[in-house]
Amino acid sequence: MNILHFAWLLGRPAKTRLAPQVLTVSAYALVSAVMLIVLGGAYSFTRFEAEAQGTYLPLAGFAVVLLIVPLMVLGSAAARLSARSNDRALSSLRLLGATGSQIRSVAILQASGTALVGALAGVLLYLACAPLASLISFQGSPIGTAIYLPVWVLVAAVFAVVGLSAISAAVGLRKLMITPLAVATRRSVPVPRWIRAAITVGSILVLSLLFTNLSQVAQSIAVVLIVILGGFGLGMLILNLVGPYLVSKVAQSKLKKAQTPQQLLAARMILENPAESWRQVSGVAMASFVAVIGGSGAAMMNATSAQEATNTWYDYLPADVLTGVLLTLAITFICVAASSAITQSASTLDNAELYSGLHRLGMDWGTMNAARVKSLMVPALAASIAFAIASTLLVLPLAGMAVIFSPLTVLTVIVAVLLGLVLVRISITVAEPARLLASRE
Amino acid sequence: MLENSFGHPPVLHAQNLYRSFGATTALNGVSLEISLGESLAIMGPSGSGKSTLLHALAGIELPDAGTLLLNLPGQPPLNVQELSDRARTKLRRGSFGFVFQSGLLIPELTAEENVAMSLMINGVPRAAAIAQADQALIALGLAGMEQRRMGQLSGGQMQRVAIARAQVTGAMVVFADEPTGALDSATGAEVLETLLDCTVGQGKSLVMVTHDPSVAAQCDRVVKLHDGQLISDSRRGTSVSGGDVR
Ligand SMILES: Nc1ncnc2c1ncn2[C@@H]1O[C@H](COP(=O)(O)OP(=O)(O)O)[C@@H](O)[C@H]1O
Ligand SMILES: [Mg+2]
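Protein sequence lines, in the order shown, are assigned to chains B and Y. For what it's worth, our numbering labels the leading residue of the first sequence as 1, then goes sequentially. For what it's worth, our numbering labels the leading residue of the second sequence as 442, then goes sequentially.
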């Protein structure tokens, strides 16, 4: 009862924490709605003939699995933000003698409550978007009313979002130290360099072997899928090992070249914690990877099937794979944008005193904001470009063929990635120090 | 305008400043003239409006009523309360220096970068800014610490970095809010000496909020605030009480 009461005190709507609360709730709503629409789309595949289902359902399952990572990142960012916006209250609870685990329960309960509100709003958002999503076409016909999931799925999804958010709140809180004096972020322990190097080199070898043999095994679509999925998994592993290194190298070169205050600040902000910088944009790298490999795959299938129409479900596969790739990109970028908005807002709130102080000293809000934006967009662009190049090299024969035989597909995918980056850039305007800190006073 | 003993009209001339926050009246008709080259201590109990006065004098926050005239050498006089937020921000970075209790140094930057930043936001190219910053740091006894991050400096060293930052732009008026408040008394005394050297020692004005009488005693002039009103104004050796000093 006591803990519930505290959770309500900290979590109830209040003017002073309106910005973070609205942000967190809308993030959960967004993710829930997106997840339901993907599930609805996947569910609609069950009306296809059995043979088609054998290909479509694993692909849809893959798309759903893809969602879980950004959802967890988003959930833990949201939990950290709500802990941050309540840092004083949490600290004073600690000062009043609440134990660490009581505080953690309060924070987790509060995060779950926020997630519940968000998930319910997400169900509404899903119902509102469903008519639009029902127009998306697979196997030559729009999804239609099949996008509407049975009620029990909606209920289960709400529970899943709340559960996942509670778990990620717990995980996120492990990274926070709540002492009687302050809430601070704990530094994570970096993976030793040699392990990182060994895994990277090993994975690159396996990946290149897989992809150089792709042309021989490409006869069977199932093998292609397994190779792509396996390649994707390994790719994710590599990019999480290489990413921080890449980000710090890029930031070091930016630091050398910096001329304006915002360039200097941005480079130093990235170098302060390259691993964290990377975590924020890793979704963008993942999107590049999906774009190149999925896009090439779709383009190649497109090129081969154009020659030999079989008048079966298979004729629709290339176009549907492209649709799937584009949807996956959209979802990934929406999640990255939402978690960037949240993480950046949390960091603005963290630095509230410093930012207001610098403004007193005569630094424009615009300069500070430009530094923040750069500190996110520089790694995002680096991730996007580097991983697009790397994955193109990995599937060079495939990508080369794609550009020659289906340039339009390739172009579509590139435009989708660019739009995604623009979306991320727009999303972080919510974290503008001038706006966020003014609303706090 | 009256010329004072320093041969220059007051660099800051505040008249009848009022400022309230809801039911609290933080400034209740404060008038004050600050001369070029003088050090002024603002004293008073906690909550008496010292910081609010400093913020008003420095154009950080506008008073609800009253006028503030800025008269910098070689520049036309300026009505601060008529300036836009943007223009006041520009004024602060170009013409004023600040040393606050918490230092407000950017933790991601090195000492020299923190100092150089105040030049860079005024448009000085990076290399020149860093060179000037290094000189300023060395002059304040921080040779060899130019590349250190804030976490690697002591409280006194950080305040010296803040002083270097306030000084390096050549600003003629430096505002300080409890600059020694977070330091032990020995370190505080050293920092205060440095601050005075870098301001009045170079013909600049220093406006400093402090609750420490021994700190105030080192200034040319001490004003006392109580409930948002000036209740005394004394120069070293003399004392004028009764509030309105013109
Ligand atoms: N931003 C603000 N919002 C509300 N009240 C404020 C604000 N700033 C100052 N005050 C109030 O104005 C009075 C004077 O504050 P301040 O100038 O900070 O005092 P001092 O620096 O002398 O301790 C205090 O009662 C304080 O609570
Ligand atoms: Mg004060």
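Using N, Cα and C, we set each Cβ at its ideal position, and we do this for glycine too.
6 Å CB neighbourhood of residue i in its chain, flanking five on each side removed
i             : result
residue 399/B : 296 and 392
residue 686/Y : Here residue 686/Y scores only 43 on pLDDT, less than 50, and its place in the model is too uncertain to base an answer on.
residue 352/B : 437
residue 617/Y : 540 and 649
DSSP three-state assignment for residue i, whether helix, strand or coil
i             : result
residue 108/B : helix
residue 34/B  : helix
residue 379/B : helix
residue 49/B  : coil
residue 626/Y : helix
residue 456/B : In the structure displayed, chain B extends from 1 to 441; residue 456/B sits before or after that span and is not available.
residue 493/Y : helix
residue 645/Y : coil
residue 259/B : coil
residue 545/Y : coil
residue 664/Y : strand
residue 485/Y : coil
residue 132/B : helix
residue 526/Y : helix
Beta carbon proximity, residue i to chain Y, threshold 7 Å
i             : result
residue 261/B : yes
residue 272/B : yes
residue 363/B : yes
residue 269/B : yes
residue 279/B : no
residue 357/B : yes
residue 372/B : no
residue 435/B : no
residue 360/B : yes
Minimum C-alpha distance to residue i - residue among the options
i             : options                       : result
residue 405/B : 93/B, 26/B and 302/B          : 302/B
residue 514/Y : 527/Y, 502/Y, 608/Y and 478/Y : 478/Y
residue 458/Y : 618/Y, 669/Y, 656/Y and 674/Y : 669/Y
residue 335/B : 34/B, 319/B, 419/B and 8/B    : 34/B
residue 36/B  : 128/B, 320/B and 329/B        : 128/B
residue 428/B : 97/B, 107/B, 148/B and 374/B  : 374/B
residue 322/B : 350/B, 284/B, 407/B and 261/B : 407/B
residue 554/Y : 58/B, 263/B, 104/B and 118/B  : 263/B
residue 596/Y : 575/Y, 545/Y and 613/Y        : 545/Y
residue 311/B : 2/B, 159/B, 27/B and 52/B     : 52/B
residue 134/B : 48/B, 123/B and 146/B         : 146/B
Within-7 Å CB hit, residue i to chain B
i             : result
residue 649/Y : no
residue 589/Y : no
residue 383/Y : Residue coverage of chain Y in this structure runs from 442 to 687, which leaves residue 383/Y outside it and unanswerable.
residue 677/Y : no
residue 558/Y : yes
residue 549/Y : yes
residue 501/Y : yes
residue 601/Y : no
residue 539/Y : yes
residue 530/Y : yes
residue 453/Y : no
residue 533/Y : yes
residue 567/Y : yes
residue 494/Y : no
Own chain, CB closer than 8 Å to residue i, minus 5 neighbours either side, in chain order
i             : result
residue 522/Y : 503, 504, 507, 508 and 509
residue 561/Y : 567 and 570
residue 498/Y : 453, 455, 473, 475, 509, 616 and 648
residue 81/B  : 20, 23, 24, 342, 343, 345, 346 and 349
residue 252/B : 267 and 271
residue 624/Y : 596, 597, 600 and 632
Residue i CB to nearest heavy atom of ligand 3 below 6 Å
i             : result
residue 491/Y : With respect to ligand 3, the structure shown offers nothing to examine, as its ligands consist of ligand 1 and ligand 2.
Sequence-distant residues of its chain with Cβ nearer than 7 Å to residue i (five each side left out)
i             : result
residue 593/Y : none
residue 468/Y : 458, 459, 460, 490, 493, 494, 497, 504 and 669
residue 608/Y : 538, 577 and 639
Within-7 Å CB hit, residue i to chain C
i             : result
residue 545/Y : In the displayed structure, chain C is absent; the protein chains listed are B and Y.
Contact the region 376–385 of chain B vs the region 236–255 of chain B: 3+ CB pairs below 8 Å: Cβ pair count under 8 Å is three or more, so yes.
Do the region 574–587 of chain Y and the region 528–543 of chain Y touch if we need at least three Cβ pairs shorter than 8 Å? no
Do three or more CB pairs link the region 136–146 of chain B to the region 313–328 of chain B at distances below 8 Å? With the cut-off at 8 Å, the region 136–146 of chain B and the region 313–328 of chain B touch.
Any 3 or more C-beta pairs closer than 8 Å across the region 544–556 of chain Y and the region 653–664 of chain Y: no
For the region 99–106 of chain B against the region 349–364 of chain B, are there 3 or more C-beta pairs whose distance is under 8 Å? no
Flag this pair as touching only if the region 418–435 of chain B and the region 480–497 of chain Y have three or more C-beta atom pairs under 8 Å; answer yes or no. With a cut-off of 8 Å, the region 480–497 of chain Y and the region 418–435 of chain B do not count as touching, because too few Cβ pairs lie within range.
Touch test, the region 113–121 of chain B against the region 154–161 of chain B, Cβ-Cβ under 8 Å, three pairs minimum: At 8 Å Cβ cutoff, the stretches touch.
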